[in-house]
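Every position in the sequence shown, counted from 1, becomes a number in my numbering once 20 is added.
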Amino acid sequence: MIFNEFKNDKLSLLGMGCMRLPTSENGKIDKEKTREMVALAIENGVNYFDTAYPYHNGESELVIGEILSEYPRESYYLADKFPGHQISSSYDPATVFEDQLKKCRVDYFDYYLLHNVYENSINTYKDSRWGIIDYFREQKKNGRIKHLGFSTHGSIEIMKEFLDEFASDMEFCQIQLNYLDWTLQSAKEKCELLASYNIPIWVMEPVRGGKLANLNEADTAKLKSLRPDESVAAFAFRFLQSVPNVKMILSGMSNKAQLEDNLKTFSSPLPLSKAETDILLEIAEGMKSSVPCTACGYCLEGCPMKINIPRMLEFYNEMAIAPTTNITMRIDAIPESSRPSACIGCGLCAATCPQGIDIPKYLSELVNMSEKLPSWEEISRQREQAAKRLRGE
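Have a look at this one:
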């Protein structure tokens, strides 16, 4: 196992994400398969486990807490998160935190994150009436949190706004990072931003929910010609192993085969050459059937609805690759009058676009793609109801 030093902790570079644990036919976590995977992971050096309040509708904390309680507390690092991104009157920091400690069967969390700081949640985290930052500062002071950080799917501007105010409290940051999002979600620039604040990087979605582990036949052949003994997924992890400032790579493994493949990849460092990296980035570009927006801003001047068109086309390009609620939640954070659904189809934007893009057409398609996914409010409501059922409320 490859290890990293962080604040006197010896962390396995591979961490076990607990958002996609194996499930049985009824949709519940398969506890025995999870227990077998945890045992195999620990046997091979994995010592970091990452869960969160909403994972598996609240069941993840219970299951991983029960399984890890079978091991000495000092033998593993446990990370959990506060769900400020889906805040409601029932999500009082103290109530949630005490519940999480109880569910996970621990007296403290080694790592604790403010979950998903993005356009719609940043003001919740900053709002003094909730007292979120102050509360978790106090828990860290009292030793119930060893290291405090945050995760984000937000823009670079949102990250900078948050860091400008709270960087001194944040010891690490968890971002979506992989060779596709290196350019698609400006992950390269996000890494540079975090480095400028001396904030180490924790990686989530290293294989993009499995997309980078299941490439088309031609791209698979390209990678296999480079390293016949490596899996397609291994190339995604090797890419991350070469990114400066990365201290932790989380993988949400759903079965033993995925775990075994990852353990092989993380058994020793085998950095990618520049030529291999270039091929990966070339594959990433080929996965983008994107609208060729250059973000020149000409379309903004005449839009009567004040829609941030370059940002919406950026969202469209990501949704075209893989529809995701991470985009719908960011759209939901925009005032309704400036969302893509507010487009009146006047065509002034298209008339001024140097690239000749039919902007109203793509805004309409973005709306259609978004409507096929549940809203972030609906997801939060379902998760909260499931969590209440688990608590017997």
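Glycine is no exception: its CB is placed at the ideal position from the N, C-alpha and C atoms.
Keep in mind that this is a model prediction, so the values were computed, not measured.
Contacts around residue i, its chain only, beta-carbon distance under 6 Å, and the 5 residues preceding and following it disregarded
| i | result |
| --- | --- |
| ALA353 | GLU139 and ASN140 |
| MET39 | TYR75 and GLY272 |
| TRP202 | LYS208 |
Burial state of residue i, where buried means 16 or more other Cβ atoms lie within 10 Å
| i | result |
| --- | --- |
| ALA304 | buried |
| LEU290 | exposed |
| SER271 | buried |
| LYS101 | buried |
| ALA207 | buried |
| LYS123 | buried |
| LYS294 | exposed |
Alpha carbon of residue i to alpha carbon of residue j, nearest angstrom
| i | j | result |
| --- | --- | --- |
| VAL252 | PHE286 | 14 Å |
| LEU34 | PRO355 | 39 Å |
| PHE23 | THR345 | 33 Å |
| ASP249 | GLU280 | 14 Å |
| ARG157 | GLY151 | 10 Å |
| GLY376 | ARG350 | 26 Å |
| LYS414 | PHE182 | There is simply no residue 414 to check, as the chain begins at 21 and stops at 413 in what is shown. |
| SER80 | GLU225 | 18 Å |
| LYS51 | ALA241 | 37 Å |
| SER44 | SER274 | 11 Å |
| LEU235 | LYS53 | 27 Å |
| SER32 | LYS276 | 18 Å |
| TYR217 | SER288 | 29 Å |
| SER358 | ASN328 | 7 Å |
| SER95 | ASN46 | 32 Å |
| TYR145 | GLY104 | 7 Å |
In DSSP terms, what residue i is bridged to
| i | result |
| --- | --- |
| MET36 | PHE69 and SER271 |
| GLN194 | SER171 and TRP222 |
| THR144 | BP columns for THR144 are empty, so no partner. |
| ASN24 | LEU31 |
| ALA207 | Answer is none; ALA207 lacks a bridge partner. |
8 Å Cβ cutoff, residue i in contact with chain D
| i | result |
| --- | --- |
| MET179 | The structure shown contains no chain D, having only a single protein chain. |
Same chain only: Cβ atoms within 7 Å of residue i, ignoring 5 sequence neighbours per side
| i | result |
| --- | --- |
| VAL266 | ILE221, VAL223 and LEU260 |
| GLY367 | PRO380 |
Cβ-based neighbour list, residue i, same chain, cut-off 8 Å, excluding 5 preceding and 5 following
| i | result |
| --- | --- |
| GLU338 | LEU204, GLN205, THR344 and ILE347 |
- Task: Count the C-beta pairs between the region 174-185 and the region 122-131 that are closer than 8 Å, then say yes if the count reaches three, no if not.
- Result: Under the Cβ criterion (8 Å, minimum of three pairs), the region 174-185 does not count as touching the region 122-131.
- Message: With three or more beta-carbon pairs closer than 8 Å as the criterion, would you say the region 291-311 touches the region 64-73?
- Response: no
- the region 181-195 / the region 154-173 touching (three or more Cβ pairs under 8 Å): Between the region 181-195 and the region 154-173, the count of Cβ pairs shorter than 8 Å is three or higher; the stretches touch.
- Can you find at least 3 beta carbon pairs, one from the region 77-96 and one from the region 307-316, that sit closer than 8 Å? no
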